[in-house]
Amino acid sequence: MPVQSSSADTAAHAPEGAPADGQQTAVDKALVLLKSLASTEGEIGVSELARRSQLTKSTAFRLLGILQRNDLVERAGSNYRLGSELFTMGERVYGATPVLLREQLLPHLVDLYELTHETVHLAVLRGTDIVYVNKIHGHRAARSPSKIGARLPAYCTGVGKALLAFDHDAAEAAESAGLPARTEYTLADPRRFREELRRIRQDGIAYDRQEAAPGLTCVAVPIMGASGRPVAALSVAGAHHRFEPSRYAPALRRVAFEAARALTAAKGRQAAAPYDVSRPPAA
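Written as structure tokens, this is what we have:
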């Protein structure tokens with residue numbers, strides 16, 4: 001049965017999509033607490049957390065106790081922070097594949113960084129978005145909307161276009177959903193977008209010339225799987241005023257080729273692994 005919110009608990013500035021006044025359940029309130037914690041640097045006391053979440057202090061304290069017992073929140077003295085279980089859950093948001101790719105391809109991402117000393121990304125396609133699986137950057141990293149676990153529309157990113165070019169259904173879905181211009185350089189015209197994907201299929205190289213964010217340029221290539229379809233994409237990104245993306249295309253091609261070989265070999269080893277009769281089958 002829903003726990004009704006008192007007027008003191010009702011958010012004066014409720015987040016978009018929040019329940020209407022009087023309809024906030026205990027689960028809603030717990031999620032508001034977690035979001036408030038997520039937007040806080042470091043730790044925070046219950047009084048301030050209650051104020052930010054527009055809850056009474058007693059309600060916040062009670063719900064924090066429940067979250068703490070489930071490792072979603074940790075207590076540090078009289079303050080609170082997000083718990084380790086959220087990290088474990090977050091690792092599984094997009095399934096096991098991105099986690100395995102990140103682990104298996106990390107050495108190749110490091111190789112790419114050592115060759116370029118620019119920001120490098122590993123991303124996978126999810127619907128018409130890309131999800132950043134890994135990222136390595138140095139001291140001169142350009143400002144970028146990319147971060148591990150973040151999603152961006154595939155049509156305006158280098159890694160996204162590298163993947164859409166070899167996925168006809170996803171490319172059509174992206175075009176049907178619209179191609180809103182994120183910057184003045186975004187390929188928002190469907191005809192130009194389709195021509196760009198055709199060129200990528202031909203050359204195997206994708207570019208983002210300030211299409212996702214002003215001042216950011218990148219070059220990307222797909223990592224092809226044994227099926228002939230890409231399983232992920234790699235990119236090198238830098239500040240537009242000093243970064244010439246085509247310079248890094250040869251290094252990207254080499255690393256993507258080695259990454260694809262490593263994935264194929266790993267899959268072969270997994271398929272060839274003998275069944276261990278001493279180990280009971282998974283439940």
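The numbers in UniProt numbering rise by one with no breaks, and the one at position 260 of the sequence shown is 260. We put the CB at the ideal spot given by N, CA and C, even for glycine. All values derive from a computational prediction rather than experimental measurement.
(request) Within its chain, find whatever has a CB closer than 8 Å to the CB of G127; leave out the 5 residues flanking it on each side and keep chain order. (result) Position 127 of the sequence shown, counted from the start, is the residue given in the question as residue 127. So the list reads A170 and A173, once near-sequence residues are dropped.
(request) Using the Cα positions of P153 and N70, report the straight-line distance between them to the nearest angstrom. (result) On the sequence shown, residue 153 is found 153 positions in, with the first residue counted as 1. On the sequence shown, residue 70 is found 70 positions in, with the first residue counted as 1. Each residue's Cα considered, the two are about 34 Å apart.
(request) Pick helix, strand or coil for D208, following the three-state DSSP scheme. (result) Counting from 1 along the sequence shown, the entry for residue 208 is found at position 208. Strand at D208.
(message) Let me check you understand the geometry: is the CB of A220 closer than 7 Å to at least one non-hydrogen atom of the ligand GDP?
(response) Judged by which ligands are present, the structure shown has none, so any question about the ligand GDP falls away.
(message) Which of the three DSSP states is assigned to R143 in this structure?
(response) To locate residue 143, count along the sequence shown from 1; it is residue 143. Coil at R143, not helix or strand.
(request) Inspect the beta-carbon positions of A162 and A220 and report whether they are closer than 8 Å. (result) For the purposes of this step, residue 162 is taken as residue 162 along the sequence shown, with counting starting at 1. For the purposes of this step, residue 220 is taken as residue 220 along the sequence shown, with counting starting at 1. In this structure, A220 lies closer than 8 Å to A162 by Cβ.
(request) Using the Cα positions of A256 and L234, report the straight-line distance between them to the nearest angstrom. (result) The count along the sequence shown starts at 1 and reaches residue 256 at position 256. The count along the sequence shown starts at 1 and reaches residue 234 at position 234. Their backbone Cα atoms lie some 7 Å apart in a straight line.
(message) Tell me the DSSP secondary structure of D21 in three-state form.
(response) Residue 21 sits at position 21 when you count from the first residue of the sequence shown. Here D21 scores only 47 on pLDDT, less than 50, and its place in the model is too uncertain to base an answer on.
(message) If contacts are defined as beta-carbon pairs under 8 Å, then K267 and A226 qualify, I think. What distance do you get, rounded to the angstrom?
(response) Stepping through the sequence shown from its first residue, residue 267 is reached at position 267. Stepping through the sequence shown from its first residue, residue 226 is reached at position 226. Correct: roughly 7 Å between the Cβ atoms.
(request) Taking all protein chains shown into account, decide if G158 is buried (16 or more other Cβ within 10 angstroms of its Cβ) or exposed. (result) Indexing the sequence shown from 1 puts residue 158 at position 158. Flag for G158 reads buried.
(request) Hey, could you find the ends of the alpha helix (DSSP H) E175 is sitting in? (result) Your numbering for residue 175 matches position 175 in the sequence shown. From DSSP, the alpha helix (DSSP H) with E175 extends over H168 to A177.
(message) On the DSSP letters alone, give me the boundaries of the beta strand (DSSP E) that I223 sits inside.
(response) Position 223 of the sequence shown holds residue 223. Segment L216 to M224, the beta strand (DSSP E) holding I223.
(message) Can you tell me where the beta strand (DSSP E) holding Y55 begins and where it ends?
(response) In the sequence shown, the residue the question calls residue 55 occupies position 55. Per the sequence shown, the amino acid found at residue 55 is Leu instead of Tyr. Here L55 belongs to no beta strand (DSSP E), and DSSP marks it neither H nor E.
(request) Could you check what DSSP says for A233 in three-state terms: helix, strand or coil? (result) For the purposes of this step, residue 233 is taken as residue 233 along the sequence shown, with counting starting at 1. Strand at A233.
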